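**Student:** Numbering (the numbering used here), first residue to last: 22 to 1014. Backbone N, C-alpha and C fix where the C-beta goes; we use that ideal spot for every residue, glycine too. Please read all numbers here as calculations on a predicted model, not as lab measurements.
Here you go:
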């Protein structure tokens, strides 16, 4: 045995003679910045109390299971006490278990232990329930190097919280072999310079966070076809090639002053023709790494349990002789410890060598803070690890990695949604994957999934109905290029790969025949979310391919696109802390508990990003059906600003109307009345002199069907229906049969509610009642729904279509605002629509999917003052279009001039704008907004418990939707508790922090 060691050692000495030169060793920044005097004092104090056996033990890092069972705990303690090891590497577990084991280990160590971790993509590589950062291949697509640095900083923060001082990352192997079975997507790519740059950025972030980075696997494991976990791989390249490719990242890493390197188990004849694994080779570890490249930091071996080295005799002794400082994870730590002791006793390892290595290790322990060791705080560890910033950073890395490799006719981002019938087909993913759920945020997308070829074939007849197919490949193991080709044939198509880039080569034919190809690299939820956003323009696309895809794409390929639609991210994306918005939930829960409303949706968008979109509560009090973000709400008077106003703006933009145009030009019922000269401008400002409201329903009621008054202002048995605070109505009346029917029939096509239809002629009846209403001589401001009923008539007369059709064709369908509609029961199941009032007076039923407002109801559900239903997400698209001054999704809806006119003009007589409500800076108590809202804000409220406010100064949208009138409109606590403005105040306060 010893003769073999001597021969190997002599061979190493012989080969070292041929080293081309010896470079002055570069002192790592961690060492350079250390307080050398204090460091030496601490090292001396520890070192001088150690026996030789203890110094030998410092060279070993043991690998221990991560479970917290009694047997494993005992094993850990025994190894520490008996072998005096220098550090520990735990295998898979949970943060809490590892923290407990770490504390146990440190308690039983005379010398503080170096706690190491194998976390190439963060703690989630080994620890459950932690942030799952992308693997390096995805990161190789990210152009923004600073993100990689901040990623390293965040991983360091998490490591520190978990009691970890050393992370065995980054992997800076240049993966030039697509068939590499062990590196592959663990590499940043195949461009040596790019790998070097990203590796240095990540490692610099780690070390800025006081965690040692360990670059691996020196001198480069990227071009192998075998796995060193199983055999010793051969890298049969010339020294020149190694200098140009494999060694480039390591040279840059060393020159950057980074602290540690891991030596791989590789057979590299150009560097050492003895066949010895590189981790045991002095020509490689000492002569090349330290002398030639000048590395002066700490050197770890790769795992010594790996079969690429574990079959070698005396591997630990030879590893130390080769120049390594620390032996990582030998299969039998006790055996290797005894081997080291024997080598020292026999003189093969000198005391001085052991002492030098031991002191070096102690120095880095000092640098890593082990001189001031504290127990790991286990309490709330997971919540302290998984902070919103970590999630945001992970999201951002995924977002910026998305790569567009083909884009015929610039199909991505998708445009002209009103002309597309879109199907999303996921291959190898279950129904409602994050990809498909995110696609549906943007428009009407029908989702399918197939887990087998047979399932895919069954879908083809149904898919033939669609003109745009979004295929997502979540697994390359089942489906072939031909399988996908049959789906996209003759269609506009986008194929998204949630696989490694190398897998794409299997789909060569279909890639050549599709319109667009998106690469998302990994099949994780965030990769899926941001690929979907990228396809619709919710984010820009900037990723660059980090490797070559043979026969298809070259390294560096990637088409860039601009952001055109709302994106979705955490508040951190726009500089707001998620925690600063937590008070919103508290306010909402207060409202629900006080029965101000049974449930609601709250949405906040800033800088073109939806940063908060949450639903709370249920459809009704004490009901199990929880509100979701997809559910629709009755917007009430928000319909004025979200329906009638965009229609009026469109007609104005097209010069089909003017603000001075008289309403009577389009509403013949007003001609030859005192309302003949009322203008569109006056109606928008609510300065027509019209009354606030009229009893729209009275002409339909048979007054002979009941005795006395219809409404009483004191409670009586004959007036059982409470219709407002202090007002009760009879319920025994009948409708006129020529105006109201309980079944649909010719001339009765409009529904008031379930089993209640109104004559098509009743619209004229209401218009005549408006024309006959008493006009105030003073045209000062008085809010009136009648103004917007008349504006609806303007839209319909000029456009020759009903208001809903006009809005669908010109706005909602193009915007992808699928749920924004009047009469929603024609498109949606009522279980998706929040109920409003239990109407015991006019309709004698719970209103669910039928408009709450009586005037809109008696107009058949489509009115200028009310009738629009939507969810918050779809409304945000319309409002963002206004913030964008008339454009959205790469399409122009309105001119900038028209948008500015309508959103900035304010009446000289009131706080009102052109159809919009605005803050009242003179009286915060009467203002509908939070006191912090600037005067530029515009929006509207709704009687059912809704509001939206658009803030162009802060590029922000706030939407609140509720059904506070359930079960009765008499519920006023939404207003008395000031819920809506209080939530808005939380937003402004968060922006200021």
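Using a Cβ-Cβ cut-off of 8 Å (strictly less than) and excluding sequence neighbours within five positions of residue 243, which residues of its own chain qualify?
**Tutor:** 194, 195, 196, 197, 198, 201, 204, 208, 211, 266 and 267
**Student:** Taking its Cβ as the centre, do 16 or more other Cβ atoms sit within 10 Å of residue 734, making it buried, or is it exposed?
**Tutor:** exposed
**Student:** If residue 1007 sits next to residue 605, beta carbons under 8 Å apart, how far is it from one beta carbon to the other, in whole angstroms?
**Tutor:** 5 Å
**Student:** So, helix, strand or coil for residue 809, using DSSP?
**Tutor:** helix
**Student:** Apply the 10 Å Cβ neighbour rule to residue 804 and answer buried if 16 or more other Cβ atoms are within range, or exposed otherwise.
**Tutor:** Looking at its Cβ environment, which holds fewer than 16 other Cβ atoms inside 10 Å, residue 804 is exposed.
**Student:** Just tell me which of 545, 550 and 518 has its CA closest to the CA of residue 535.
**Tutor:** 518
**Student:** Quick one: is residue 352 buried, meaning 16 or more other Cβ sit within 10 Å of its Cβ, or exposed?
**Tutor:** In summary, residue 352 is exposed, with fewer than 16 beta-carbon neighbours lying within 10 Å of its beta-carbon over all protein chains present.
**Student:** Rank 338, 183, 866 and 894 by C-alpha distance to the C-alpha of residue 137 and give the top, closest one.
**Tutor:** 183
**Student:** Is the beta carbon of residue 812 closer than 8 Å to that of residue 7?
**Tutor:** The structure shown has nothing for residue 7, since the chain only spans 22 to 1014.
**Student:** What does the alpha-carbon distance come out to for the pair residue 106 and residue 357?
**Tutor:** 11 Å
**Student:** Keeping to the same chain, check which residues put their C-beta closer than 6 Å to that of residue 809; ignore five residues upstream and five downstream.
**Tutor:** 661, 665, 885 and 886
**Student:** Taking only three categories from DSSP, how would you classify residue 23?
**Tutor:** Note that residue 23 scores 44 on pLDDT, short of 50, meaning its location in the model is unreliable; the coordinates nonetheless yield the value given after this. The answer is helix: DSSP assigns residue 23 an H, G or I state.
**Student:** For the region 303 to 373, which segments carrying the beta strand (DSSP E) assignment without a break, of at least 3 residues, lie completely within its bounds, in sequence order?
**Tutor:** Complete beta strand (DSSP E) runs here, min 3: 319 to 322.
**Student:** In or out: residue 283 buried (at least 16 other Cβ within 10 Å) or exposed?
**Tutor:** buried
**Student:** Give every residue of the same chain whose Cβ lies closer than 7 Å to the Cβ of residue 119, excluding the five residues on either side of it in the sequence, and list them in chain order.
**Tutor:** 87, 111, 148 and 183
**Student:** Report back the beta-carbon spacing between residue 967 and residue 981 to the nearest angstrom; my notes put them in contact at under 8 Å.
**Tutor:** 6 Å
**Student:** From the DSSP output, read off the bridge partner residues of residue 866.
**Tutor:** 860
**Student:** What residues in its chain sit with their C-beta under 8 Å from that of residue 350, if we drop five residues either side in the sequence?
**Tutor:** Exclusion of the five residues before and after residue 350 leaves 82, 83, 84, 110, 324, 325 and 326 as the residues of its chain whose Cβ lies within less than 8 Å of its Cβ.
**Student:** Considering only C-alpha positions, which residue in the set 758, 653 and 697 is nearest to residue 725?
**Tutor:** 758
**Student:** What separation, rounded to the nearest whole angstrom, lies between the Cα atoms of residue 231 and residue 186?
**Tutor:** 7 Å
**Student:** Within 10 angstroms of its Cβ, does residue 719 collect 16 or more other Cβ (buried), or is it exposed?
**Tutor:** exposed
**Student:** Using CA atoms only, rank isn't needed, just tell me which of 897, 401, 293 and 175 is closest to residue 1020.
**Tutor:** Only positions 22 to 1014 of the chain appear in this structure, which leaves residue 1020 out of reach.
**Student:** Among 676, 786, 694 and 766, which one has its Cα closest to the Cα of residue 715?
**Tutor:** 786
**Student:** Using the beta-carbon count (16 or more within 10 Å), is residue 875 buried or exposed?
**Tutor:** When all chains shown are included, residue 875 counts as buried.
**Student:** What residue from 928, 964, 521 and 310 has the CA that sits closest to residue 956's CA?
**Tutor:** 928
**Student:** Check for me: the beta strand (DSSP E) holding residue 653 runs from which residue to which?
**Tutor:** Careful: residue 653 lies outside any beta strand (DSSP E) and carries neither H nor E.
**Student:** By the DSSP assignment, the alpha helix (DSSP H) with residue 98 in it spans what residues?
**Tutor:** 91 to 104
**Student:** Cβ atoms of residue 866 and residue 854: under 8 Å apart, would you say?
**Tutor:** no
**Student:** Tell me the DSSP bridge mates of residue 772?
**Tutor:** 778
**Student:** For residue 620, list the residues DSSP reports as bridge partners.
**Tutor:** 638
**Student:** Measuring straight from C-alpha to C-alpha, what distance separates residue 483 and residue 227?
**Tutor:** 51 Å
**Student:** Quick one: residues in its chain with C-beta nearer than 8 Å to the C-beta of residue 937, no 5 flanking neighbours on either side, listed in chain order?
**Tutor:** 662, 666, 923, 924, 959, 960 and 961
**Student:** With a 10 Å radius around its C-beta and 16 neighbouring C-beta atoms as the bar for buried, classify residue 540 as buried or exposed.
**Tutor:** buried
**Student:** In its own chain, which residues sit with a C-beta less than 7 Å from the C-beta of residue 987, not counting the 5 before and 5 after it?
**Tutor:** 619, 641, 856, 857 and 858
**Student:** How long is the line joining the alpha carbons of residue 102 and residue 320, rounded to whole angstroms?
**Tutor:** 24 Å
**Student:** From the DSSP output, which residues share a beta bridge with residue 700?
**Tutor:** 683
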